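Report on one structure; see the data block that follows.
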DNA sequence: AGCAACCAATCGATCGATCGATCGACAAAA
DNA sequence: TTTTGTCGATCGATCGATCGATTGGTTGCT
C-alpha cells in the first residue's frame, strides 16, 4: 500500500535527519511518489510525525500495561519493564528515535496529547518503584529521580543498538535488567537480585505487540 | 560584545527549537542585529553549532581529566564523574542539550571531530569502570554497556532539570552518584558504598570550568 | 452486456513564503 | 586612510502546500 510506504519513508527520514531537516520532497522521493500524492494521504507534514509518535507510544503503553497485569512482584515488573523498553527501542529503533527526539517539533493540542501519553508511561514506572519500596525489596532515595534515570538509561539503547553489534539484543536486554535491579538495589533475603533469579515467563518479549516499523518489517 | 550576544542567541534557539528549525533571521532577531551582521562574525550557520559543541565538549573533557588527576580510587572517580556530568548538564542545560541532540546536523570534518571528542570522553568512563573491576570494587557484567547506561542516565538531567524544581542541584548530583555506585555495585568490605562514604573534596564542582553558557551567565 | 457516473489515486505545474548567504554602501573607530 | 562593524536590498534555491487535470477501477442503471 502506498500509504504504508509513505509512513515508512517518513519514519526513516525523520529518524535519520530529523523532522525539520526532512522536506516533503525528501519523503516523496523516498516513498517513490510525487509530493502531491503525499497530500492525498495526509493534511500536513506534522500529521505524519504525530501518527508515528502516537503509534509508538500507545503500543509501548499497552504492552507495559499487559506486563503489569501478568506479573505481581515489583522486581519482576521492573525487570520486565526494562526488557520491554529496551527491546522495543532496539527492534523499532527508528520509531523510538523519533518519539524521543522530535517532541519539540510538535505544536498545539498534539503536543499536549503526546506529553500526556509519555507521563502516563512514566507513572507506571513510578508505581513499580513505589511498590518495591513499600515491600522493602528496593532501596531508593528518591523515586522520581530513579524513574528518570532508569528511563533515560533504557531509552539510550535506541541511539547505539545495532543487530550487527558485539552484543545480541537478548544479552543487552538481560544486562540492562540486571543494571536496573542493581540501581534500585533489589534484594530478597539480603541478596542482590539478578534477572536470572526471577524466573520471568520465557521471552518477556512475548507481550510485545509489534510497533509500526517492526510490523512493516514482518510482512515485507 | 556583539559576538557573544550572537552566540548566546544561537545557543538559546538551538536548544529550544533545534538547529534545523532555527533560521538565520531567528538568531539575528534574538541577538538584536540584522542577519547581515551575523555573517560578519561567522561563515555559516553550522559554524555556530560547531563552536557551541566544541566549547561544551572540550570543557567537559578538561574538567574530567582534572578529576582523574585529583582522585585515585575508582569509586571516587566514578562519583566525581557523575557529579561533574550532572552538574555541567544542569548548570549549562542549553549547551548540553545542543551537544546531545544536534550531532546529526553536523557534516564533513567537524562531524568526525566532534565524534572523536565524545568517544574520548566515553573512554575515560570506560577506564574508571575497568579500574574498579580490576580492584574488585565494582561488579559489572559488561563494561561497555554499563558506560552507555551511566552516560545516558546522567545526560538525561539536561532534559528535565530546573532550578525551580523540587530537588536542588546538589541533591540531584549526590543522588545520581549514589545510583551510579549502586548500578556498578560498588563495595568495600562487602558493604554497598554511597557518596557519603567517599569523602570527596568539598564541592566536586570545584574543578568545573564554566561552560560557554554558564560563563555568560556570570558576568552578565 | 454496455454505458454513464462516480471516486480514489496520482501527477505536473505552481503558489507565496522563507531559506542561507552575498553584496555594496555607509558610518564610526583607529 | 584604513579597519571594523552594521545595514538594506537582494540573490537563487527550496520550503510546505494547493490546484486542476488525468487515470483506472468500481458501482449502478438500462
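Residue numbers (full-length UniProt numbering), protein chains in the order written: chain H, 1 to 220; chain B, 1 to 220.
Cβ coordinates follow ideal geometry from the N, Cα and C atoms, glycine included.
Everything numeric in this text was worked out from a predicted model, so none of it was measured.
Ignoring anything shorter than 4 residues, give me the alpha helix (DSSP H) runs that lie fully in the UniProt DNA-binding region "H-T-H motif" (23-42) of chain H, in order along the chain. 24-31 and 35-41
Which residues DSSP lists as bridging residue 8(H), in chain order: Answer is none; residue 8(H) lacks a bridge partner.
Indicate the three-state DSSP secondary structure (helix, strand or coil) for residue 135(H) in the structure shown. coil
Can you check whether the CB of residue 76(H) is closer than 8 Å to the CB of residue 183(H)? no
In this structure, what does DSSP give as the bridge partners for residue 188(H)? 191(H)
Three-state secondary structure assigned by DSSP to residue 216(B): With a pLDDT of only 39 at residue 216(B), under the threshold of 50, the placement of this residue in the model should not be trusted; the figure read from the coordinates follows. Here residue 216(B) sits in helix by DSSP.
Ordered along the chain, which non-local residues of its own chain (more than five positions away) have a Cβ less than 8 Å from that of residue 147(H)? 122, 125, 126 and 129
Interfacial residues, the stretch 131-163 of chain H to chain B, with Cβ spacing under 9 Å: 139, 140, 141, 142, 144, 145, 146, 148, 149, 150, 151, 152, 153, 154, 155, 156, 157, 159 and 160
Return yes when the Cβ of residue 99(B) is within less than 8 Å of the Cβ of residue 57(B), no when it is not. yes
Closer than 7 Å at the beta carbon, the chain H residues around residue 172(B): 145
Determine whether the Cβ of residue 122(H) lies closer than 8 Å to any Cβ atom of chain B. no
With a CB to CB cut of under 8 Å and the five nearest residues on each side skipped, what residues in its chain are close to residue 144(B)? 126
Within the same chain, show all residues whose beta-carbon is closer than 6 Å to that of residue 110(H), passing over the 5 residues directly before and after it, in chain order. 50
Cβ closer than 7 Å: which chain H residues qualify as neighbours of residue 14(B)? Within 7 Å Cβ-Cβ: nothing; residue 14(B) doesn't reach chain H, min ~11 Å.
Alpha carbon to alpha carbon, what distance is there between residue 86(H) and residue 157(H)? 6 Å
What residues from chain B crowd round residue 176(H), counting only those whose CB sits closer than 9 Å? 145 and 149
Taking C-alpha atoms, which residue in 195(H), 194(H), 91(H) and 107(H) lies nearest to residue 164(H)? 91(H)
Pairwise C-alpha distance: residue 102(B) and residue 15(H): 13 Å
Please list the partners that residue 20(B) has in chain H, where partner means a Cβ-to-Cβ separation under 7 Å. 18, 20 and 21
Taking the beta carbon of residue 39(B) as the centre, do at least 16 other beta carbons fall within 10 Å, making it buried, or is it exposed? exposed
What ranges does the alpha helix (DSSP H) occupy inside the stretch 79-167 of chain H, keeping only unbroken runs of at least 4 residues that lie completely in it? 93-101, 108-134, 143-155 and 157-160
Whose C-alpha, out of 133(H), 78(H) and 137(H), is nearest the C-alpha of residue 187(H)? 137(H)
Coarse secondary structure for residue 199(H), derived from DSSP in three states: coil
Element boundaries [alpha helix (DSSP H), containing residue 179(B)]: 169-183
Measuring only between beta-carbons, confirm whether residue 191(H) sits less than 8 Å from chain B. no
is_contact[residue 182(H), chain B] using C-beta, thresh 8 Å: yes
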